[in-house]
Amino acid sequence: MTTLQNKTALVTGASRGIGRATAVALAEAGAHVLVHYGRSKQEAESLVVEIQKKGGRADAISADLGTPDGASLLAKQVRSTFGDRLDVLVLNAGISKAARIADHTVAEFDSLFATNVRSPFFLVQQLLPVLGEGSSIVAISSLGAREVVGKPGLENASILAYASTKGALETLVKNWAAILGPSGIRVNAVAPGIIDTDMSNFTKTEVGREVALGMQALKRIGKPEDVADVVAFLASDGARWITGASIPVDGGSKL
Ligand SMILES: NC(=O)c1ccc[n+]([C@@H]2O[C@H](COP(=O)([O-])OP(=O)(O)OC[C@H]3O[C@@H](n4cnc5c(N)ncnc54)[C@H](OP(=O)(O)O)[C@@H]3O)[C@@H](O)[C@H]2O)c1
Numbered sequence: 002m003t004t005l006q007n008k009t010a011l012v013t014g015a016s017r018g019i020g021r022a023t024a025v026a027l028a029e030a031g032a033h034v035l036v037h038y039g040r041s042k043q044e045a046e047s048l049v050v051e052i053q054k055k056g057g058r059a060d061a062i063s064a065d066l067g068t069p070d071g072a073s074l075l076a077k078q079v080r081s082t083f084g085d086r087l088d089v090l091v092l093n094a095g096i097s098k099a100a101r102i103a104d105h106t107v108a109e110f111d112s113l114f115a116t117n118v119r120s121p122f123f124l125v126q127q128l129l130p131v132l133g134e135g136s137s138i139v140a141i142s143s144l145g146a147r148e149v150v151g152k153p154g155l156e157n158a159s160i161l162a163y164a165s166t167k168g169a170l171e172t173l174v175k176n177w178a179a180i181l182g183p184s185g186i187r188v189n190a191v192a193p194g195i196i197d198t199d200m201s202n203f204t205k206t207e208v209g210r211e212v213a214l215g216m217q218a219l220k221r222i223g224k225p226e227d228v229a230d231v232v233a234f235l236a237s238d239g240a241r242w243i244t245g246a247s248i249p250v251d252g253g254s255k256l
């Protein structure tokens, strides 16, 4: 069984969806979890209470990761809570956008890269002093980093800008893994397929559900817990010889 007894963990975007399930999984494995949120204060605080009621340790912490100083403000709060040691960093907070090529705007493009790429980049930079031998970083990428998802076509909505943020994130993961490996820090990505969260609202329609199931070997919609369990494993000593990897968690999508 995965154990993270006496470990400290930060999960960004833990108020909802995959981040929330990940915070629960890490807390159940014994970690003291910082539940980071942006706008969803109530959800984050209720998660903290839920974890504490089950005997776990958690605190809520907020920062807008779409702003230039969001990552450094968050890192400051993490360091003041945990002191000099962060064992697990889950880079999960993210936003997506589906639109026709013609309808993508500069502001939305910049916002996607600010939240999905710039904030993880500077969060790792700012937290380096408290990461060390045995620490594990897990970035939540996407199937979209490697595969074209949806029906290509100029008249169809596409997630190409979002997908390219995840390609950039996976490139960072490889570079971080190479640079931080000698310090004993492992860095991996998890690449979910379609997971039932607010971000993938389209799976709640019959058509959306059919599109999702049509590309998967396993015939159900993925759940946040399907991803969270893999993140918890990667964060644990069981994954001590894995670094620089991207693990698909997609029910066998696009095989
Ligand atoms: N769902 C999928 O099908 C899927 C597939 C592949 C990859 N992913 C990736 O998995 C990760 C989590 O996605 P999800 O589906 O769980 O999404 P979600 O339910 O929409 O949750 C997104 C989380 O990110 C936080 N967040 C977004 N923008 C933020 C900002 N500017 N500052 C601070 N926090 C911010 C949100 O916090 P607040 O609500 O508190 O603002 C929320 O906790 C993302 O990186 C996403 O790209 C999702």
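Heads up: the sequence shown begins at 2 in my numbering, then just goes up one per residue. Think of the CB as a built atom: it goes at the ideal place given N, C-alpha and C, for glycine as much as any other residue.
CA-to-CA distance, residue j to residue i, given in whole angstroms
i, j, result
"GLU148", "VAL250", "13 Å"
"LEU66", "LEU170", "15 Å"
"PRO69", "ALA213", "35 Å"
"GLY285", "GLU211", "In this structure the chain extends from 2 to 256, so residue 285 is not present and cannot be described."
"ALA28", "LEU87", "14 Å"
"THR244", "ALA178", "6 Å"
"ASN202", "ASN93", "18 Å"
"VAL50", "ASP60", "9 Å"
"VAL1", "ILE52", "The shown model of the chain, from 2 to 256, leaves out residue 1, and the question about it has no answer."
"ASN189", "LYS205", "30 Å"
"ARG241", "LEU155", "44 Å"
"GLY14", "LYS167", "16 Å"
"VAL208", "ASN176", "39 Å"
"GLY18", "VAL232", "14 Å"
"LYS55", "GLU46", "15 Å"
"ALA218", "SER63", "38 Å"
"LYS220", "ASN117", "29 Å"
"MET200", "TYR38", "15 Å"
"ASP104", "ILE160", "11 Å"
Beta-bridge pairing of residue i - partner residues as DSSP gives them
i, result
"ALA10", "VAL34 and VAL89"
"ASP60", "LEU35"
"PRO193", "VAL250"
"SER136", "Note: SER136 sits in no beta bridge, so no partner."
Per-residue burial, residue i [other beta carbons within 10 Å of its own, 16 or more giving buried]
i, result
"ILE180", "exposed"
"PRO193", "buried"
"SER81", "exposed"
"ARG187", "buried"
Chain B within 8 Å of residue i, Cβ atoms only
i, result
"ILE96", "Among the protein chains of the structure shown there is no chain B, as only one such chain exists."
CB of residue i within 8 Å of CB of residue j, strictly
i, j, result
"LEU75", "PHE122", "no"
"ALA146", "ALA164", "yes"
"ALA158", "ALA246", "no"
"VAL131", "VAL12", "no"
"ILE96", "SER73", "no"
"ALA236", "VAL89", "yes"
"THR3", "GLY223", "no"
"SER16", "GLY71", "no"
"VAL79", "LEU48", "no"
Nearest candidate by alpha-carbon position, reference residue i, set the options
i, options, result
"ALA10", "VAL118, VAL139, PRO153 and ALA190", "VAL139"
"ASP227", "VAL125, THR206, LYS220 and ILE196", "ILE196"
"LEU5", "GLY133, GLY20, ARG21 and GLY31", "GLY31"
"ASP230", "ARG21, LYS8 and ASN7", "ARG21"
"GLU215", "VAL191, SER254, GLU134 and GLY182", "According to the sequence as given, residue 215 is Gly; it is not Glu. Checked all of VAL191, SER254, GLU134 and GLY182; the closest Cα to GLY215 is SER254."
Heavy atom of ligand 2 within 7 Å of residue i beta-carbon
i, result
"ALA108", "What this structure holds is ligand 1, not ligand 2."
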